[in-house]
Structure formats: structure tokens, C-alpha cells
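Q: Numbering (our numbering), first residue to last: 325 to 551.
Every residue, glycine too, gets a C-beta built ideally from N, C-alpha and C.
Below you can see the structure in the form of C-alpha cells.
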């Protein structure tokens with residue numbers, strides 16, 4: 325009985341060694357790529373983040389949406405991997421996305437913040453001194469907005485917005501200049517849109533939109549070709 329057990333054990337051991345050709349090799353250590361050396365406090369439940377040189381001092385800055393307390397955190401970069409203390413700005417209810425573009429065509433990057441709960445978009449103008457001021461402009465893209473991007477979709481030199489909506493639509497808000505926008509125009513898609521990106525995918529110098537689809541309807545990626 326013992327011989328049978330031992331024989332079975334050695335058969336299993338031999339099979340395991342044969343099936344694991346790397347078992348005798350010394351695995352190389354993963355190179356150290358990052359080190360955590362600077363941690364910053366934000367508002368409650370940070371949900372989205374972008375980085376740009378907003379104050380044009382040559383250093384990268386950060387803007388974070390905080391959905392838990394309806395705020396933005398703005399961190400000015402010091403240029404050595406550290407950032408100044410956050411500047412806090414109020415938003416609408418449950419901010420879930422922020423994008424940046426020069427919405428009033430003064431050469432400085434502004435902000436557009438998408439608020440999930442009150443289904444609005446707030447516009448913040450860059451003061452030219454590295455700070456932002458919330459304007460009175462409030463956009464209403466429709467029910468249950470999910471995500472947002474910015475780009476000059478109609479090639480008029482004014483930046484526009486595109487917002488994914490839960491019920492199989494992407495809303496396009498064409499810019500009018502001075503941070504104002506036309507009423508949203510819906511484009512139907514074949515599923516529930518979630519993520520959205522912008523790029524010139526067919527190299528015709530016209531912006532296209534890529535939309536990830538999930539939930540009800542088709543799942544996958546749908547491309548909206550710019551014309």
C-alpha cells in the first residue's frame with residue numbers, strides 16, 4: 325500500500341516539474357519604476373483628474389473633481405514633483421468629470437465640470453493669474469450624463485463639448501464663444517455609452533469620437549466619424 329502511495333507521489337511530482345519548465349529558473353526582480361514620495365489631500369471621494377499647465381509657469385498642475393463634497397481641488401505644480409496646497413472650488417452636485425479647453429478664446433485653459441446628480445455642466449474661466457472663477461454659465465445636456473470630452477468638432481475655431489448619456493445618446497454642445505454653448509443636439513448610438521475619447525482616427529484632419537458601449541443594446545466601441 326505504501327509503495328503504491330509513494331509511486332503515485334513521484335509520478336505527480338514528475339508531472340508537476342515537467343509542466344513547469346520555469347520552476348528551476350531564478351525569476352528576475354521587477355525593476356523599481358515608481359516611489360510614493362508625495363501625497364496630497366483632496367476633497368471627499370475624488371472621482372476624476374486632469375493635468376495641464378494651467379497658470380503657464382512651465383510646471384504641470386492638477387485638477388481633481390470630488391464627488392463626495394461637491395468641490396474641485398486645484399494643485400499648482402512646483403516643478404520638483406511636489407504641489408502647493410489645494411485651492412478648493414465649489415461645483416454642482418456630484419461632479420464626475422472635468423475637461424479643459426480654451427472656451428473663451430483668450431489663450432488660457434478653462435474648465436468644464438460635469439455634475440451627475442443635478443445633470444449640469446459648469447464652466448470655469450481661467451483668470452490669467454493661475455486661478456479659476458466659476459461663471460454663471462450652466463449647461464443642461466440631458467438626463468443622466470456619464471462622461472464628457474471637448475474638441476472643435478465643427479472646425480469653427482471654437483471648442484465644443486460631447487457628453488455621453490445613459491440612454492443610448494451622445495449630446496453635442498457646439499460652442500458659441502465666450503464660454504457659451506448652443507442647445508445640445510443628440511446623436512443616437514447602438515448601446516449604453518460610457519467612456520468617450522476624441523481623435524482624428526482616419527487622418528483627414530477632422531476630429532472623430534470613439535464611444536465605449538455597455539449595458540443594454542450592443543457592447544463594444546462605436547466610432548462617430550467627423551465630417
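(1) So, does the segment 484–497 touch the segment 449–460, judging by three or more C-beta pairs under 8 Å?
(2) Sorted by chain position, which residues of the same chain lie with C-beta nearer than 8 Å to residue 383's C-beta, five sequence neighbours on each side aside?
(3) Quick one: grab the DSSP three-state call for residue 364.
(4) Under three-state DSSP, which class holds residue 410?
(5) DSSP state of residue 354, grouped into three classes?
(6) Can you list the beta strand (DSSP E) stretches of 3 or more residues lying completely in the segment 374–410, in chain order?
(7) Taking 7 Å as the CB-CB limit, is residue 549 close to chain C?
(8) When DSSP builds the beta bridges, which residues end up paired with residue 558?
(9) Going by DSSP in three states, residue 514 sits in which element: helix, strand or coil?
(10) Which residues in the same chain as residue 483 place their Cβ atom closer than 8 Å to its Cβ, once the five residues preceding and following it in sequence are excluded?
(11) If you measure between the beta carbons of residue 407 and residue 435, is that distance less than 7 Å?
(12) Write down the C-beta distance between residue 523 and residue 534 rounded to the nearest angstrom, noting that I regard them as a contact closer than 8 Å.
(13) CA-CA distance, residue 391 and residue 416?
A: Here's the rundown:
(1) no
(2) Excluding sequence neighbours, residue 383 sits near 377, 400, 401, 402, 403.
(3) coil
(4) If DSSP states are grouped into helix, strand and coil, residue 410 belongs with coil.
(5) coil
(6) 385–390, 395–399
(7) In the displayed structure, chain C is absent; only one protein chain is listed.
(8) Residue 558 lies beyond the residue range present for the chain, which begins at 325 and ends at 551; the question has no answer from this structure.
(9) For residue 514, the three-state secondary structure derived from DSSP is coil.
(10) These residues qualify, in order along the chain: 425, 426, 427, 474, 475, 476, 499.
(11) no
(12) 7 Å
(13) 9 Å
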